[in-house]
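Working notes for the structure below.
Protein chains: 2
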Amino acid sequence: MNGAQALIRTLVQAGVDVCFMNPGTSEMHFVAALDDVPEMRGVLALFEGVATGAADGYARIANKPASVLLHLGPGLGNGLANLHNARKGHVPVVNIVGDHATYHKQYDAQLESDIETVARNVSTWIRTSNKTDELAADAAEAVAVAAGPPAQVATHILPADVSWTEGAEPASPHATLTPEAVDADLVARLATILTGDEPAALFVGGRACRADALVQASRITNTTGTKLLAETFPTRVERGAGRVPVERLAYLAEFATMQLDGLKHLILVDSKSPVSFFAYPGKASDLVPEGCTVHTLAGPAGDPLAALTALAEAVGAEAGSETIQPVSLPDLPTGDLSADAVCRTIGALLPEGAIVSDEGNTSGLFAAGHTAGSPAHDWMCLTGGAIGQGLPVALGAAVAAPDRKVIALQADGAAMYTLQSWWTMARENLDVVTVIFNNSSYAVLNMELNRVGATAGGPKAKEMLDIGSPNLDFVALARGMGVSATRATTAEEFNDQFAAAVSQRGPVVIEAVVPSIL
Amino acid sequence: MNGAQALIRTLVQAGVDVCFMNPGTSEMHFVAALDDVPEMRGVLALFEGVATGAADGYARIANKPASVLLHLGPGLGNGLANLHNARKGHVPVVNIVGDHATYHKQYDAQLESDIETVARNVSTWIRTSNKTDELAADAAEAVAVAAGPPAQVATHILPADVSWTEGAEPASPHATLTPEAVDADLVARLATILTGDEPAALFVGGRACRADALVQASRITNTTGTKLLAETFPTRVERGAGRVPVERLAYLAEFATMQLDGLKHLILVDSKSPVSFFAYPGKASDLVPEGCTVHTLAGPAGDPLAALTALAEAVGAEAGSETIQPVSLPDLPTGDLSADAVCRTIGALLPEGAIVSDEGNTSGLFAAGHTAGSPAHDWMCLTGGAIGQGLPVALGAAVAAPDRKVIALQADGAAMYTLQSWWTMARENLDVVTVIFNNSSYAVLNMELNRVGATAGGPKAKEMLDIGSPNLDFVALARGMGVSATRATTAEEFNDQFAAAVSQRGPVVIEAVVPSIL
Chain S
1 MNGAQALIRT LVQAGVDVCF MNPGTSEMHF VAALDDVPEM RGVLALFEGV
51 ATGAADGYAR IANKPASVLL HLGPGLGNGL ANLHNARKGH VPVVNIVGDH
101 ATYHKQYDAQ LESDIETVAR NVSTWIRTSN KTDELAADAA EAVAVAAGPP
151 AQVATHILPA DVSWTEGAEP ASPHATLTPE AVDADLVARL ATILTGDEPA
201 ALFVGGRACR ADALVQASRI TNTTGTKLLA ETFPTRVERG AGRVPVERLA
251 YLAEFATMQL DGLKHLILVD SKSPVSFFAY PGKASDLVPE GCTVHTLAGP
301 AGDPLAALTA LAEAVGAEAG SETIQPVSLP DLPTGDLSAD AVCRTIGALL
351 PEGAIVSDEG NTSGLFAAGH TAGSPAHDWM CLTGGAIGQG LPVALGAAVA
401 APDRKVIALQ ADGAAMYTLQ SWWTMARENL DVVTVIFNNS SYAVLNMELN
451 RVGATAGGPK AKEMLDIGSP NLDFVALARG MGVSATRATT AEEFNDQFAA
501 AVSQRGPVVI EAVVPSIL
Chain P
1 MNGAQALIRT LVQAGVDVCF MNPGTSEMHF VAALDDVPEM RGVLALFEGV
51 ATGAADGYAR IANKPASVLL HLGPGLGNGL ANLHNARKGH VPVVNIVGDH
101 ATYHKQYDAQ LESDIETVAR NVSTWIRTSN KTDELAADAA EAVAVAAGPP
151 AQVATHILPA DVSWTEGAEP ASPHATLTPE AVDADLVARL ATILTGDEPA
201 ALFVGGRACR ADALVQASRI TNTTGTKLLA ETFPTRVERG AGRVPVERLA
251 YLAEFATMQL DGLKHLILVD SKSPVSFFAY PGKASDLVPE GCTVHTLAGP
301 AGDPLAALTA LAEAVGAEAG SETIQPVSLP DLPTGDLSAD AVCRTIGALL
351 PEGAIVSDEG NTSGLFAAGH TAGSPAHDWM CLTGGAIGQG LPVALGAAVA
401 APDRKVIALQ ADGAAMYTLQ SWWTMARENL DVVTVIFNNS SYAVLNMELN
451 RVGATAGGPK AKEMLDIGSP NLDFVALARG MGVSATRATT AEEFNDQFAA
501 AVSQRGPVVI EAVVPSIL
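This is the structure in structure tokens:
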């Protein structure tokens, strides 16, 4: 058995049985070994950012990592933005980067570069396996470290000769890492605070946005009369009718400040202390109000569900005291199509168990509101701010949950970073409906140009934010990649097209032509 | 004047008057400042790899750097592959990466990451300007360092507040860096070798592939009865009828070894000692024959033209002794379309002064041969092996030389990495004809799968190299980005479509449906 075969068997034994890949020559033995290990599914992407984003989306839904196979430093570069998003969302990814043969590196061949230096941007665990008989053990460690807690991007660098050399054996999976124990003293202190007189809020993120954790959080805040807030861009929120609703902190610091106003205690549960997304001249970066103390109940290395359960008990919260979202569907819109109308339709027709990948940016602003009372579903956000995540994450989610409908809410500008996702959706016949909001603009930047005080922005500046010249024809682009597509210019057209899309299986693109909301 | 305004004025004063950009919020003041400095042309790309590759293509033709504007670490990641290619080709790029405001970095906001660690993959000169009054001086230094010699990618990191703060002044351009002096003793020694009995070759690359340098090189090798060879993937070769022809070292090590066989001396002129592109089990990485001594006449920091001129004089080469390529045009092909037929047509119809961006990969194998006697033109190769360079480099070349026809020879798989280039070509009405070789395959990998000895490659492995399921419709993809496009399935159709494309101005895509050559 060669190194590649042992590596793939090790991954499969550890539960990692999908590999999103864009391989090159140095990874050919890994590719060849796919035929030796039938349990490993290889999913080809035409661009590395699709592969890394898909691994992120897969792990968010599967609750375990996928692997990614990339081609040397440039391949890692192409995949870096979505690994950044995974890192920021604490999503596990086993990131395998092929390298030249160990003895070939000294010659500085064309594709030679320092891979580890790039990987440091997204990984604290980086391992170059220089010996075939160490490769499988390194892979087993990579899976365990990636899975966490804390979940993370583990980068495993795989020289070609280490892959092709014979004499390897698979390694056994590591035991799952143990989360940090819940601190009983801390729980008691926080219970005192929550049951006291000072305004306090639970600020949930990461795994604390799953349904079971939100039940505990809602019991706590309902029992103590405190506030429940979620981070702005959670990795995955389980929401909708029959679940606990949670208000997310606004993207715009001006609104976020109002949500946090007057708090004396902010209790983080798998979230980080709220800060402004960007800096703006004369505005604060830190959104925590003056005089408010920040506490951490559980971090990415902890067990937020156990911690919330302990805290609920400590404050005397009873079963059934949680808030439950009732069914509430918007009416189907009529007339002119707008971002708001699109989101209403989605809210009205969202299937039970749907998974929404939200990179609607400005156009998607109304989506969360209009789907709040739709049947139970998952909502996944742009965790690291690096655009081009929405379509790959939808792709990966569809691989993880073939029986669930995936909806990608996708802004036009952001779609263009990883549009190649559609080809893989077609190839794998994945059940993803992409709704493209085509407003012909980097609309968020038009807003930001004003917010940063760049008032001198004249015609040349405005031109850099205008992506409508020429207009992008997403119907043609989708068909070019083998995905059937339609265009909607009225609410009625969109209603019909979206209803048809959710009633069938397989990838569909709907281009919604809408004015910018700004 | 704020930092951004001073920065842009500094760039313009130093001759850098084009910026290929994909900005975000942290770069809004740079964008706004474009209206204050009319000499700076902003060219918007929908993806960072387009912007960085365009800067590479621009510099190859303009002989001076363009600037690039990217958005934080993820933006740099997306642009990294084509910066890698620029680095390997010794092409100057002023790589400006926006960052969070200096005081905002401590908050680890969503887009926060370590930019410098990523930049180290492509730049030895990396500068974060932390003060507005140092920004312009840093920019002037960046331009000088980028221009070289040696030319390189200089990465200048620009925090948002440094950009927006008032009180900056433009900085004066630096003097051009002086190349390493020609070593007269070395020239004399090499002249003795070349005029001696042992088989020797000049191995030219980089700036030694320009017409004037090749004239000197040809005089030397003709006078001394030695061999003239060029590196496999030169940055820019000036070639065609009326110029000095030069044989390039083959990509396949098996053939390259035959070209180098028997040499006792290999003299590098702005090239590096030949090595195998990848390592293959049981095959040598170093292609220099046993017993052959490698000498360096001039490196990237030197002056190859001056060195060759001195060497020509030292060996007594006379003016007029160089080989000149006569006009020789292939016949227009008929019948079935093939990669060979496409290349024949291009050779027959290539306009005088054309610029060819060659990322045809396997399908482009015949292109150099069939265009050898076409009217004088420039030929630009994939310098660093990171695919997705061809279209952006064509884009940048067209910006640099608006009066010349640019031809992009583009493999299908590689096209998909930076296809967004077409949108910018349409937007700027650039005079680029893209010829897509659609063979529905990562054909080079099918070959490499066998070459690396990965003989176990079964159906799953083969599937990872097949990009024909679903088939990519490049006509639809081009039209989706505003570029007119046609498809050719016979030689006659291709002849007509290519003839029409070169006789008009503006971007055109021709999808040539061809079988894989392998």
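Chains as they are written, first to last, in this note's numbering: chain S, 1 to 518; chain P, 1 to 518.
C-beta: ideal position from N, C-alpha, C; glycine also.
At a cut of 8 Å, does the segment 69-76 of chain P reach the segment 399-407 of chain P through at least three beta carbon pairs?
-> No, the segment 69-76 of chain P does not touch the segment 399-407 of chain P.
Tell me which residues share the same chain as residue 86 (chain P) and place their Cβ nearer than 6 Å to its Cβ, disregarding the 5 neighbours each side in the sequence. For residue 86 (chain P), same chain residues with a beta-carbon under 6 Å away, outside a window of 5 residues either side, are 56, 93 and 153 in chain order.
Exercise for review: Taking residue 18 (chain S) as the query, report the chain P residues whose CB atoms sit under 7 Å from its CB, ordered along the chain.
Suggested key: Going along chain P, no residue has its Cβ under 7 Å from residue 18 (chain S), so there is no contact; the nearest lies around 13 Å.
| field | Cβ neighbour criterion (16 or more within 10 Å) applied to residue 396 (chain S) | value | Buried: at least 16 other Cβ atoms inside 10 Å.
Check your understanding: When the distance is taken between beta carbons, is residue 80 (chain P) closer than 8 Å to residue 46 (chain S)?
Key -> Their beta carbons are not under 8 Å apart, which means residue 46 (chain S) does not touch residue 80 (chain P) by this criterion.
Q) If you draw a straight line from the alpha carbon of residue 150 (chain P) to that of residue 304 (chain P), how long is it in whole angstroms? A) Each residue's Cα considered, the two are about 11 Å apart.
Handout entry: Chain-order list of residues whose beta-carbon lies under 7 Å from that of residue 76 (chain S) (same chain, five-residue window excluded)
Key = Same-chain partners within the cutoff: 70, 97, 115, 118 and 119.
If you follow the alpha helix (DSSP H) that residue 408 (chain S) is part of, which residue opens it and which one closes it?
Annotation: residue 408 (chain S) is outside any alpha helix (DSSP H); the continuous beta strand (DSSP E) that includes it extends over 406-411.
Can you name the residues that DSSP bridges to residue 125 (chain S)? Bridge partners of residue 125 (chain S): S:154.
For residue 433 (chain P) and residue 521 (chain P), the rounded distance between their alpha carbons: Shown here, chain P extends from 1 to 518; a query on residue 521 (chain P) therefore has no answer.
Query raised in the report: Using a C-beta cutoff of 8 Å, does residue 120 (chain P) count as contacting chain S?
Result: Any Cβ of chain S closer than 8 Å to the Cβ of residue 120 (chain P) would place that residue at the interface, and such an atom is present.
Report task. Within its chain, find whatever has a CB closer than 8 Å to the CB of residue 401 (chain S); leave out the 5 residues flanking it on each side and keep chain order. Result -> If we look at residue 401 (chain S) and ignore the five residues flanking it on each side, its Cβ neighbours are 61, 62 and 355.
Worksheet item: What's the C-alpha gap between residue 314 (chain S) and residue 187 (chain S)?
Response: Computed Cα separation, rounded: 7 Å.
Worksheet entry | Through-space distance from residue 65 (chain S) to residue 177 (chain S), alpha-carbon basis | Answer to the nearest angstrom: the Cα atoms are 14 Å apart.
Review point. Where residue 170 (chain P) and residue 179 (chain S) are concerned, what is the direct C-alpha to C-alpha distance, given to the nearest angstrom?
Key: When rounded, the separation of the alpha-carbon atoms in residue 170 (chain P) and residue 179 (chain S) is 54 Å.
Q.
I want to verify the contact list: residues of chain P whose CB lies under 8 Å from the CB of residue 286 (chain S), in sequence order.
A. Result: 107.
task: Indicate whether at least one CB of chain S lies closer than 8 Å to the CB of residue 233 (chain P).
output: Chain S contact via Cβ: present.
Quiz item: What's the call for residue 417 (chain P), buried or exposed, on a 16-neighbour Cβ count within 10 Å?
Solution: By the 10 Å Cβ count, residue 417 (chain P) comes out buried.
- Query: Can you name the start and end residues of the alpha helix (DSSP H) that residue 133 (chain P) belongs to?
  - Reply: Its alpha helix (DSSP H) spans residues 132-147.
query = When the cut-off is 8 Å and only beta carbons count, does residue 279 (chain P) lie next to chain S?
reply = With 8 Å as the cut-off, residue 279 (chain P) counts as an interface residue toward chain S.
Check: Nearest-angstrom Cα distance between residue 324 (chain S) and residue 484 (chain P)?
Finding: Distance between the alpha carbons of residue 324 (chain S) and residue 484 (chain P): 54 Å.
* Indicate whether residue 514 (chain P) and residue 439 (chain P) have their beta-carbon atoms separated by less than 8 Å. => Taking 8 Å as the Cβ cut-off, residue 514 (chain P) and residue 439 (chain P) qualify as a contacting pair.
Task: CB contact below 8 Å: residue 437 (chain S) versus chain P - done: Taking Cβ atoms only, chain P never reaches closer than 8 Å to residue 437 (chain S), which makes this a no.
Looking at C-alpha atoms only, which residue of S:498, S:225 and S:468 is the closest neighbour of residue 192 (chain S)?
-> Out of S:498, S:225 and S:468, S:225 has the C-alpha closest to the C-alpha of residue 192 (chain S).
**OP:** With 9 Å as the limit, tell me which residues of the segment 249-260 of chain S have their beta carbon closer than that to any beta carbon of chain P; keep them in chain order.
**Re:** If the cut-off is 9 Å between Cβ atoms, the segment 249-260 of chain S has nothing near chain P.
Subject >> Amino acids of chain P, ordered along the chain, whose beta-carbon sits closer than 9 Å to that of residue 400 (chain S) >> reply: Within chain P, no residue comes near residue 400 (chain S); the closest Cβ sits about 20 Å away, beyond 9 Å.
**OP:** Going by DSSP, name the residue or residues bridged to residue 22 (chain S).
**Re:** According to DSSP, residue 22 (chain S) bridges with nothing at all.
Q | Interfacial residues, the segment 79-94 of chain S to chain P, with Cβ spacing under 9 Å | A | Residues 79, 80, 81, 82, 83, 84, 85, 87 and 88.
Fill in: 7 Å Cβ cut-off: residues of chain P touching residue 47 (chain S)
In chain order, 416 and 417 make up the part of chain P whose C-beta sits under 7 Å from the C-beta of residue 47 (chain S).
To the nearest angstrom, report how far apart residue 465 (chain S) and residue 38 (chain P) are at their CA atoms. In this model, residue 465 (chain S) and residue 38 (chain P) are separated by some 17 Å (Cα to Cα).
List, in order along the chain, the chain P residues whose C-beta lies closer than 8 Å to that of residue 559 (chain S)?
Lying before the first or after the last residue shown, residue 559 (chain S) is absent from chain S, which here runs from 1 to 518.
Quiz prompt | chain P contact for residue 143 (chain S) (CB, 8 Å cutoff) | solution = Interface criterion not met: the Cβ of residue 143 (chain S) is under 8 Å from no Cβ in chain P.
* the segment 362-376 of chain P / the segment 328-348 of chain P touching (three or more Cβ pairs under 8 Å) -> In short, these stretches touch, since the Cβ pair count reaches three.
When the Cα atoms are used, what is the spatial distance from residue 181 (chain S) to residue 302 (chain S)? Using only the alpha carbons, I get a separation of about 7 Å.
Assuming contact is defined by CB atoms lying nearer than 8 Å, are residue 90 (chain S) and residue 235 (chain S) in contact in what I supplied? A contact, by the Cβ cut-off of 8 Å.
Practice prompt. Return the residues of the segment 471-504 of chain S that lie within a Cβ-Cβ distance of less than 9 Å from chain P, sorted by chain order.
Written response: Listed in sequence order: 471, 472, 473, 474, 475, 476, 477, 478, 479, 480, 481, 482 and 483.
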